[in-house]
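In my numbering, the protein residues as written are 16 to 262. C-beta: ideal position from N, C-alpha, C; glycine also. Predicted, not measured: the structure shown is a model, and the values here were computed from it.
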Amino acid sequence: MKIAVAGGTGTVGRLVVERARAMGHDAVVLSRAAGVDLRDRATVDRALTGVDAVVDAASVGTMDAVTSTEFFQAASGTLLDAAASAGVGHAVLLSIVGIDRNPHGYYAGKVLQEQMFEDSTVPWSILRATQFHEFAGQVAAQARLGPLQLAPRARVRPVAAAEVAARVIDLAVAGAQGRVSDLAGPREERLDRMIRTWVRRSGSRRPVIPVSIPGAQMRGMREGLALPGAGATIAGPTFEEWLSARG
16 MKIAVAGGTG TVGRLVVERA RAMGHDAVVL SRAAGVDLRD RATVDRALTG
66 VDAVVDAASV GTMDAVTSTE FFQAASGTLL DAAASAGVGH AVLLSIVGID
116 RNPHGYYAGK VLQEQMFEDS TVPWSILRAT QFHEFAGQVA AQARLGPLQL
166 APRARVRPVA AAEVAARVID LAVAGAQGRV SDLAGPREER LDRMIRTWVR
216 RSGSRRPVIP VSIPGAQMRG MREGLALPGA GATIAGPTFE EWLSARG
């Protein structure tokens, strides 16, 4: 099976590519690093030649609703149009738990993206996952202020990116299922505590300062709007177990 992975060099996307290849599939990476700009229809058309399924795990580094919306409208719009023209049989979207309850900032773009998939003529599946365990390190790297390590407050129920990738590739192979059950980790965590643990495990002794980031999206996350409901699929390990396994 030939599977194209948009965002195939990202946190989950690269794991989707690795898993697909380990299972014997032909995985095509759609990313700028691989010479494919998702907003360039001609390059996407060429990349989708002979593709059976498309996975959209692309992302953009922003907390701004306008920037996020513009990116997903252009990138996912081009991808879906090209997939329809190429006769791709299945499009899988990796989305985020709770975006409909908290449609602000970056999540505003994800809400639009989901609607685009649902409106597409390409048969689709949408998987919403919670934040990844890797999220703590990503936020920590972006939230340093001089000698201080800022740690945004939020309620999360993180899941390992490898578990998300496994679920995504299983969906891609199985065929279109619409909106599937959310995927979440086994335990609720506080993001600021995750960041503190991450920083200390890395050997840094810099002061870690919990902060409440302004804006509707982060306020919603502090209120628990990014947590899964009762029907979610739960996958381990916990954050502590995952971190310990990294050595």
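Sequence-distant residues of the same chain with beta carbon closer than 7 Å to residue i, five excluded per side
i	result
Tyr122	Ile111, Ile114 and Gln232
Leu30	Ala176, Ala177 and Ala180
Leu94	Ala21, Leu53, Val59, Val69 and Asp71
Ser91	Asp71, Gln128 and Met131
Ser265	In the structure as shown, the chain begins at 16 and stops at 262. Residue 265 is therefore absent and cannot be evaluated.
Reduced DSSP category for residue i - H, G, I as helix; E, B as strand; rest coil
i	result
Ser227	coil
Asp67	coil
Ser110	strand
Leu258	helix
Asp79	coil
Thr248	strand
Ala49	helix
Ala21	strand
Leu240	coil
Ala123	helix
Ala199	strand
Ser219	coil
Arg116	coil
Ser74	coil
Thr253	coil
Met16	coil
Proximal residues to residue i (C-beta, below 6 Å), its chain only, five neighbours per side dropped
i	result
Pro168	This sequence places Arg at residue 168; Pro is not what is there. Asp207, Pro225, Ser227 and Arg237, listed in sequence order.
Ala283	Nothing can be reported for residue 283: it is not among the residues displayed for the chain, which extend from 16 to 262.
Trp213	Ala151, Gly152 and Ala155
Asp41	Lys17
His148	Pro173, Ala175, Phe254 and Trp257
Thr24	Ser46 and Ala48
Ser135	Leu95
Extent of the continuous alpha helix (DSSP H) to which residue i belongs
i	result
Asp60	Arg56 to Ala62
Leu30	Gly28 to Ala37
Asp207	Leu206 to Arg216
Extent of the continuous beta strand (DSSP E) to which residue i belongs
i	result
Ala41	Going by the sequence as given, residue 41 is Asp instead of Ala. Per DSSP, Asp41 belongs to the beta strand (DSSP E) from Asp41 to Leu45.
Val103	Per DSSP, Val103 belongs to no beta strand (DSSP E) and is neither H nor E.
Neighbour-count burial assignment, residue i, 16 or more Cβ in a 10 Å radius
i	result
Gln164	buried
Asp197	buried
Pro173	buried
Met38	exposed
Arg182	buried
Gln12	Only positions 16 to 262 of the chain appear in the structure, and residue 12 is not among them; the question remains open.
Val81	exposed
Leu142	buried
Ala187	buried
Leu160	exposed
9 Å Cβ cutoff, residue i in contact with chain C
i	result
Ala177	The chain inventory of the structure shown lacks chain C, comprising one protein chain alone.
Contacting residues, own chain, Cβ-Cβ under 8 Å from residue i (five flanking each side not counted)
i	result
Pro138	Gly104, His105, Ala106, Gly190 and Ala191
Val171	Thr145, Gln146, Phe150, Glu203, Glu204, Arg205, Leu206, Met209, Met236, Ala241 and Leu242
Arg56	Thr93, Asp96 and Ala97
Every unbroken alpha helix (DSSP H) within the region 131 to 196, with a cutoff of 4 residues, ordered by chain:
Complete alpha helix (DSSP H) runs here, min 4: 150 to 157 and 176 to 189.
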